[in-house]
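Protein chains in written order, with the working numbering: chain X, 7 to 370; chain L, 10 to 554; chain P, 42 to 305.
A short worksheet on the structure shown next.
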Amino acid sequence: MSETSKDLATVTSPYSDHEYPAGLATVSDDKVADPGIEPHRVRMTDKSKKHEKAAVRQVAALFFLSMFGSAFALYAYFAFPIDANLDTVRNNTLFLGAGITLGLFGIGIGAVHWAKTLMPDSEVSEERHLTRGSEAKRAAAVEILALANKESGFTRRKLIRRSLYGALALFPLPGIIIFGDLGPNPANSLRHTFWANGTKNKPLRLTKDPDGAPIKASDVTSGSVYHVIPEGLTEDNPRYLEEKSKAAVLLVRVDPKDLNEAADRKGWSYDGIVAYSKICTHVGCPVALYEQETHHLLCPCHQSTFDLNNGCKVIFGPATRPLPQLPITVDKGGYLIAQSDFHEPVGPSFWDRSAKTNSNGIEG
Amino acid sequence: MTTTAPSRQKNGFLAGTANYVDERVGVAGILKEFGRKIFPDHWSFMLGEVALYSFLVLLLSGTFLTFFFQPAMTVVHYDGVYAPLKGAQMSVAYASSLDITFQVRGGLLMRQVHHWSALLFVAAAGLHMLRVFFTGAFRKPRELNWVVGFVLFVLGMAAGFTGYSLPDDLLSGNGLRIIDGMIKGVPFIGPWISSLLFGGEFPGENIVARLYSLHIMLIPALILVFLALHLFMLVIHKHTHYSGAGRKDTNVVGYPLMPVYVAKAGGFFFIVFGVIMLLATFFTINPIWNYGGYDPSPVSAGTQPDWYIGFLDGLLRLAPTGLEVMVGDNTLSMNILWPMIIGVGFLVVVAIYPFIENWVTGDKREHHVLDRPRNAPTRTAIGAAGVTMYAVMWAAASTDLIATNFRMSLNQVLQTMQISLIVLPIAAFVITKRVALSLQRKDREIVLHGRESGRIVRLPHGEYIEVHEQLDEFDRYKLVDFKDYKPTLARPNAAGKITVGARIRSGLSKFYFEDRIAPVTQTELNEAIHHAHELQTEVQKAIEN
Amino acid sequence: MAKRNVSGLRRSPLAAKIVIVAALLTVGGTYSAVTSALATQSPTGGYTQDQKDLGHKLFLANCASCHGKNAEGTKNAPSLIGVGAASVDFQVSTGRMPGAASGPQLQVKPVQFTQSQIDALSAYVSSLAPGPAVPDASMTAANGDVNKGGQLFRINCAMCHNAAGAGGALTEGKYAPNLMHSSGKTIYEAMVVGPQNMPVFNDANITPAEKKDIITYLTYLQDHQSAGGNDLGNLGPVVEGLLIWLGALGLIIAITVWLAAKSN
């Protein structure tokens, strides 16, 4: 057993004038002999005129079926108009689609059947050529490149070459920088929400999503969950979705005995009513599922689970940070109001999230 | 010397046209060169065509949709026929998608054709990549074509993602929200990139139009360029063929392009288009009317991306709790970055695999005969492990659906998948390799001793044997013609030093080729046939008696 | 040829038609009379003493072992004092009650009582303390605002029940069920009661008119087939992906095997 790539070079064809190393391949002298292409097996349609004629009829029938399908589709387009009744849309889709499907399948299956049964199916061999050019071609190519190099002086003239590299490296950069106006500096946009618009004299009430009706503390019964947006954030606000995507809040009442509040957050709830940001601290989906008995909040996107009894800290799933809490209390009318904006950025984390910023409490 | 003007030919319209075009474009040469090009015939070679034809269907149906879709995020109140949304506030993009669905004849059909076709495009491309992988068709000279194909696969994913986000509905909008959250988590520059992409704060008013220009212009253009490269290389290299009688690395055996392939491949286009149309006629896909326009407050249970983005969503879900860490005052969102690293890393390994294998084998010859998967046991096992890992990542994206529909605990399903991500690919590797080696041994048995025929004969001296049918030489050749490799030792280089690279290569070569079944040699075969003949004469005698 | 006398009239072709029409009218009329009588007997309050007594008997036989002899609750089941008729009607008429003790959540099972027995149970439990009442037909009819209903459904319900009501997962094996076969009454009661881990949606949160809107929207979904064809359970992209891989690619591969095979 010798380790050469002889089996390529021994082929008496203009396959190649080059031998490649075979690496770790074992090349055997004792390979089983190649019996050559199998002789053609005659088909029924080759032997029997009857079968051939049948195949011809079958192919033609398929093409006729296709014509029928396409014609039916044309008919269906007009015969099944659509109006406000959804069933008309269904029928139009169904019959138009069925007709086109038949039109397509008829041609496809017919053409394939034609090839399989009636066209010659003898296998033929075609010689390959090594992909690399012949030695002569390669030499000629090298010569051309060398000539181009000599005539341009590319290798020889270092100053020209290097300054060209510099120019080519720099010229695309303006093309990149002009995309700078795609969006503004994010600045503090991630650190404030609509809730910051409340003031000491005019705090923002918690209102129902989407109609904006204010919520009385007495309306929030045990086991309830309210989906909340800030007072004043109405559908006609030009930044409605942008503000909502930071200001959406979940409002829940639990038994005050169940709440383990941190010392610095004791005044943030009202009689067992707590408000938390609805924007998941993982990647920003709404954490909208509230389990009434377990007091767990579940985000449906990646199943981060937050424990409402313990400051909405994460108890399962890929989120890490607890949901930010909105400090709430009631006003004179008994309506729930926000004491201030959230005390931290809401939503997904970002690199300088914890950087010290201006206070975002209520301005006097 | 006079030149005569050509006289009017009486050969008919077709001949006249052919002549006209040849005189201007030289088609005769092209026809001569390519008209009878040989293509091998095997069903597994058609998977790439499925992807190609799906792409054509995407172009056709997509063009129709562009005539009706409006990629603007201006706020309107719906005034169309779908009653549950009448008067609802939504973007123009969503409203125009509803109009296509309910107020354009064939609009819903074309939307469904387009979306089903997109799913099929990426699925077929993926299956085609698997076929190329498991048959070793990525080996020289096709390594670059593998990379081009990989780029096409990723472009298909990008096209799909940008496309399904265009209607600005609740489901795809939450998908964009997730992407935004992931981008924000990129260290240093996250919020900047998010602002550049969305034109300010999420969701902004620009994203749909920007995705639209990517989806109908830039990405299809790139796909067409890479597709052209892909097919160009296919023509230069000619198609590979499976091993078999008469098939060598120096020839290609099959049927001529015209007429057989024109008919079969051309017909196949209509069949693929027909299957897509069949799906679009009878099965709803992406019922945007149920979701409503995007709003950051509501969300639907069962929020998943299209299947080909599933593995990335699955990775996000698989991340254990508490991965986000503080680096001083700064937040490093490893709960997002690890999924990104693993996801991209997986794709990178797929892209560079041919170069790894080539480095290990050192085989610089061209390969045009395909491997049967069993004859490259380690490669096949690696592929099985990769597929298993991809499947676990993908399945992890539907933990909540699995929990709901199979009445399991969501938490247990996820924890099982976290363990499976590590354990199952290893198990798949081990099992697949063993199965491949066993199949190789079985092939050897069949070559040497033939197939069991089920006929039992009693020999004169009392022994019962089962008569084996020898394979004919053509079937046999398929089983003996495969490449075989041996592992190597780490050898010192010219300076007498054994480099780390050499050690790694030697180690990998052992990993790949230590367990090997060599092909049957002619000598072994002759002996076996000789014995078989002896046995046959004994059997004949026994039967005659 | 029959003569036109009485027996002739009986045999005339018109007779058959007259008989059929009369039969239909009788059956239809009886049915609507009975159901409207039943309707008035599924009261929103105002149970009779007979109902309360029957309910008490049924309660002692079927419920007291877990809920306590006076519905005060035991370690196996909570107190039913104050849960209201709506709660009883919801749990028992969906088959969740009598409850099996296993699993993280009560399962829907075959209903074990007739509606009048359920009414009796409701009468008894609601007599113990005031609680939410069973809604009457006008509150649960599907003639509200389907647009408002859809919007409210998506904000308050879709995150658990899925935007098309196909159901969804909660933690630890709990789930929000599919709503596509739920009646307006059941939906209303569930919102008011907040069974198990479903939150309570009291009338200040979602007003009775809004509850009706939600019922209207869900009824619309139940009544209308998807214009695109089979809706694959409305489970979204996951099932669509499965259909492509198993269905479409499976079919296409079968076709390619045929295509590339040699004809006989």
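Heads up, the beta-carbon is just placed ideally off N, CA and C, and yes, glycines get one too.
Checklist entry - Within this structure, are the beta carbons of residue 228/P and residue 259/P separated by less than 9 Å? => result Closer than 9 Å, so yes.
Checklist entry - Based on the DSSP output, what are the partners of residue 478/L in its beta bridges? => result Paired residue(s): 460/L.
Checklist entry - Would you report the Cα separation of residue 217/L and residue 284/X, rounded to the nearest angstrom? => result Their backbone Cα atoms lie some 25 Å apart in a straight line.
Checklist entry - Pick from 175/L, 384/L, 388/L and 312/L: whose alpha carbon is nearest that of residue 447/L? => result Put simply, of 175/L, 384/L, 388/L and 312/L the residue whose alpha carbon is nearest the alpha carbon of residue 447/L is 384/L.
Item to check | Any beta strand (DSSP E) of 3 or more consecutive residues that is wholly inside the segment 206-267 of chain X | outcome: Qualifying beta strand (DSSP E) stretches, in chain order: 212-214, 231-236 and 255-259.
Next on the checklist: Closest to residue 117/L by C-alpha separation, out of 118/X, 92/X and 120/X, would be which residue?
Outcome noted: Looking from the CA of residue 117/L, the closest CA among 118/X, 92/X and 120/X belongs to 92/X.
Next on the checklist: Just to make sure I have the definition right: I need the residues of chain P whose C-beta is within less than 9 Å of the C-beta of residue 420/L. Which are they?
Outcome noted: Simply 212, 213 and 214.
Checklist entry - Which residues in chain L sit within 7 Å of residue 201/P, going by Cβ to Cβ distance? => result Simply 310.
Checklist entry - Residues of chain P with CB under 7 Å from residue 293/L, in chain order? => result The answer, in chain order, is 267, 269, 270, 271, 272 and 273.
Checklist entry - Would you say residue 176/L and residue 297/L are within 9 Å of each other, going by their C-beta atoms? => result Going by C-beta atoms, residue 176/L is nearer than 9 Å to residue 297/L.
Item to check | Interfacial residues, the segment 283-301 of chain X to chain P, with Cβ spacing under 8 Å | outcome: In summary, the residues of the segment 283-301 of chain X whose CB is separated from some CB of chain P by less than 8 Å are 292, 294, 295, 296, 297, 298, 299 and 300, in the order they occur in the chain.
Checklist entry - Taking 9 Å as the CB-CB cut-off, is residue 196/P touching chain B? => result Here chain B cannot be found, since the structure's protein chains are X, L and P.
Checklist entry - Sorted by chain position, which residues of the same chain lie with C-beta nearer than 7 Å to residue 239/L's C-beta, five sequence neighbours on each side aside? => result Listed in chain order, the non-local C-beta contacts of residue 239/L below 7 Å within the same chain comprise 154, 157, 158 and 161, local neighbours out to five positions each way being set aside.
Checklist entry - Hey, does residue 13/X have any beta-carbon neighbour from chain P nearer than 9 Å? => result With a pLDDT of only 42 at residue 13/X, under 50, the local geometry of the prediction cannot be trusted, and the value read off the model is given with reservation. Not one chain P Cβ lies under 9 Å of residue 13/X.
Item to check | Whole runs of the alpha helix (DSSP H) within the segment 143-202 of chain X, excluding any shorter than 4 residues | outcome: DSSP runs (the alpha helix (DSSP H)) wholly in the segment 143-202 of chain X: 164-176 and 178-183.
Item to check | First through last residue of the alpha helix (DSSP H) which encompasses residue 94/X | outcome: Residue 94/X -> alpha helix (DSSP H) spans 92-124.
Next on the checklist: Using beta carbons (cut-off 9 Å, strictly below), is residue 318/P in contact with chain X?
Outcome noted: Given a span of 42 to 305 for chain P in the structure shown, any question on residue 318/P remains unanswerable.
Checklist entry - What is the DSSP secondary structure of residue 3/L, reduced to helix, strand or coil? => result Shown here, chain L extends from 10 to 554; a query on residue 3/L therefore has no answer.
Checklist entry - Got a sec: which bits of the segment 296-309 of chain L sit with their beta carbon under 9 Å from any beta carbon on chain P, in order along the chain? => result Residues passing the 9 Å Cβ filter: 296, 298, 299, 300, 301, 304, 306, 307, 308 and 309.
Checklist entry - Cβ atoms of residue 297/X and residue 211/L: under 9 Å apart, would you say? => result No. Outside cutoff.
Checklist entry - Using a C-beta to C-beta distance shorter than 7 Å, which residues of chain P count as neighbours of residue 409/L? => result By Cβ distance, chain P contributes 209 and 210.
Checklist entry - Residues of chain L with a CB under 9 Å from the CB of residue 258/P: which are they? => result In chain order: 93.
Next on the checklist: Quick check on the burial criterion: 16 or more other C-beta atoms within 10 angstroms. Buried or exposed for residue 226/L?
Outcome noted: With fewer than 16 other Cβ atoms within 10 Å, it is exposed.
Item to check | Whole-Å CB distance - residue 246/P paired with residue 225/X, under 8 Å assumed | outcome: Sure, about 7 Å apart at Cβ, within 8 Å.
Checklist entry - What are the partner residues of residue 31/X, as DSSP defines its beta bridges? => result DSSP, once it has assigned bridges, lists 494/L as partnering residue 31/X.
Checklist entry - Should residue 333/X go down as buried or exposed, given a rule of 16 or more other Cβ atoms within 10 Å for buried? => result Residue 333/X comes out buried.
Next on the checklist: Short of 9 Å Cβ to Cβ, which residues in the segment 111-124 of chain L face chain P?
Outcome noted: Listed by position, the residues of the segment 111-124 of chain L near chain P (Cβ gap below 9 Å) are 111, 117, 118, 120, 121 and 124.
Next on the checklist: Is the separation between the beta-carbon of residue 317/X and that of residue 252/X shorter than 9 Å?
Outcome noted: Going by C-beta atoms, residue 317/X is not nearer than 9 Å to residue 252/X.
Checklist entry - Can you tell me where the alpha helix (DSSP H) with residue 518/L in it begins and where it stops? => result Here the alpha helix (DSSP H) through residue 518/L covers 509-522.
Checklist entry - How about residue 187/P and residue 254/P: do their beta carbons lie closer than 9 Å? => result Yes, Cβ-Cβ distance for residue 187/P and residue 254/P is below 9 Å.
Item to check | Interfacial residues, the segment 45-62 of chain L to chain P, with Cβ spacing under 7 Å | outcome: Listed in sequence order: 50, 51, 52, 55 and 59.
Checklist entry - residue 216/X and residue 241/X: beta carbons closer than 9 Å? => result In contact: residue 216/X and residue 241/X (Cβ atoms closer than 9 Å).
Item to check | Nonlocal neighbours in the same chain, by C-beta distance under 7 Å from residue 360/L, ignoring five residues either side | outcome: So the list reads 156 and 159, once near-sequence residues are dropped.
Checklist entry - Buried or exposed: which applies to residue 128/P, given that a residue is buried once 16 or more other Cβ atoms fall within 10 Å of its Cβ? => result Buried.
Item to check | Backbone secondary structure at residue 72/L - three-state DSSP | outcome: Looking at residue 72/L - three-state DSSP - the assignment turns out to be helix.
Next on the checklist: Give me the chain P residues within the contact set of residue 95/X, using Cβ-Cβ distance strictly less than 9 Å, ordered along the chain.
Outcome noted: Neighbours of residue 95/X on chain P, chain order: 268 and 269.
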